[in-house]
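According to the working numbering, numbering within the sequence shown proceeds without interruption in unit steps and concludes at 47.
Every residue, glycine too, gets a C-beta built ideally from N, C-alpha and C.
As the structure is a computational prediction, the values presented were derived from the model and not from experiment.
Report on one structure; see the data block that follows.
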Amino acid sequence: MNRDYLNQWNSDYLDKHAFKLARTALIKTKYQ
């Protein structure tokens with residue numbers, strides 16, 4: 016596996032994860 020591909024995969028994964036966390040936090044504050 017080359018490094019550029021891995022970096023791309025990592026940033027994509029982190030972006031999705033951060034989005035999921037942000038959405039969860041938003042829902043939590045909304046329905047508190």
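Helix, strand or coil for residue i? Go by DSSP, reduced to three states.
i: residue 46; result: coil
i: residue 17; result: coil
Quick one: is the Cβ of residue i within less than 6 angstroms of any heavy atom of the ligand ZN?
i: residue 18; result: Summarising the ligand content, the structure contains no ligands, and the ligand ZN is consequently not present.
Leaving aside the five residues before and after residue i along the sequence, list all residues of the same chain whose C-beta is less than 8 angstroms from its C-beta, in chain order.
i: residue 31; result: none
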